[in-house]
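Right, one structure below, let's go through it.
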Amino acid sequence: MTVIQRHRFERLYAAHFDTVLRYCLRRTNREDALDAAGETFAVAWRRRHDLPWDRPLPWLYGVAHRVLSNQRRSLFRQSRMAARLRGSEVADDPGPEVQVLRAAEDQQVLDTLEELSADDREIIRLAAWEELSRDEIAAVLGCSSNAVTKRLNRALDHLADLLGGARSSGIRFFRRERTPA
Numbered sequence: 240m241t242v243i244q245r246h247r248f249e250r251l252y253a254a255h256f257d258t259v260l261r262y263c264l265r266r267t268n269r270e271d272a273l274d275a276a277g278e279t280f281a282v283a284w285r286r287r288h289d290l291p292w293d294r295p296l297p298w299l300y301g302v303a304h305r306v307l308s309n310q311r312r313s314l315f316r317q318s319r320m321a322a323r324l325r326g327s328e329v330a331d332d333p334g335p336e337v338q339v340l341r342a343a344e345d346q347q348v349l350d351t352l353e354e355l356s357a358d359d360r361e362i363i364r365l366a367a368w369e370e371l372s373r374d375e376i377a378a379v380l381g382c383s384s385n386a387v388t389k390r391l392n393r394a395l396d397h398l399a400d401l402l403g404g405a406r407s408s409g410i411r412f413f414r415r416e417r418t419p420a
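Following the working numbering, the numbering of the sequence shown begins with 240 at its first residue and continues without gaps.
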């Protein structure tokens with residue numbers, strides 16, 4: 240590792256840690272969010288040669304998404320094991336997402352959002368809450384921009400059906416594509 244690499248990574252960390260932490264906080268509790276954000280940057284350090292330095296945030300969101308998914312799977316396995324040890328079934332725990340959703344403004348949309356699949360919820364959140372472009376969402380989810388468009392439209396149509404036809408209900412989807420600096 241060179242001094243230049245270390246300084247470059249320190250600048251990346253300083254510029255994006257708070258943003259990645261906020262992303263994680265919208266999906267889990269503070270303690271787990273701090274762990275996930277830290278692990279995201281540990282992965283970024285280990286994979287710094289693969290990191291797209293010109294546009295790192297979508298890549299970091301993708302890593303954070305996978306870290307949070309791993310956390311949830313781990314917690315589910317732990318609770319399933321504990322339930323087996325107690326001789327009881329695992330309760331349907333909606334987890335921290337419910338806490339995040341209850342803090343938002345449009346309760347009807349948010350309640351209905353919970354009825355969607357986890358994948359549909361995530362793509363809507365990336366578009367509406369994180370205000371990512373289609374290309375950025377594609378980078379986070381590891382798919383093409385066309386797939387993002389199709390998946391988002393399908394998720395929004397399903398949400399609209401559940402809401403009785405009000406497609407966006409005031410939620411703003413997609414911001415303009417970022418222009419390179």
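Ideal placement from N, C-alpha and C gives every residue a C-beta, glycine not left out.
Three-state secondary structure (DSSP) of residue i
i: THR267; result: coil
i: LEU290; result: coil
i: SER356; result: coil
i: THR241; result: coil
i: SER308; result: helix
i: MET320; result: Confidence at MET320 is low in this model, with a pLDDT of 48, below 50, so the placement of that residue should be treated as unreliable; the coordinate-derived value is given next. Of the three classes helix, strand and coil, the one that applies to MET320 here is helix, per DSSP.
i: TRP298; result: helix
i: ALA342; result: Annotation note: pLDDT 39 at ALA342 (below 50); position unreliable, no value reported.
i: LEU371; result: coil
i: SER313; result: helix
C-beta contact flag for residue i and residue j at 8 Å
i: LEU391; j: ALA357; result: no
i: VAL379; j: HIS304; result: yes
i: ALA209; j: PHE256; result: Only positions 240 to 420 of the chain appear in this structure, which leaves residue 209 out of reach.
Local Cβ density within 10 Å of residue i, reported as buried at 16 or more and exposed below that
i: THR279; result: buried
i: GLU375; result: buried
Contacting residues, own chain, Cβ-Cβ under 7 Å from residue i (five flanking each side not counted)
i: THR258; result: LEU296
i: ARG364; result: none
i: TYR262; result: TYR300, ALA303 and GLU369
Which listed residue (the options) has its alpha carbon closest to that of residue i
i: VAL306; options: THR267, TYR252, ALA394 and CYS382; result: THR267
i: LEU355; options: TRP368, ARG393, ARG373 and ILE376; result: ARG393
i: GLU249; options: ARG373, TYR262, ALA281 and ALA272; result: ALA281
Min CB distance residue i to chain D below 8 Å
i: THR267; result: This model lacks chain D altogether, as it is built from one protein chain only.
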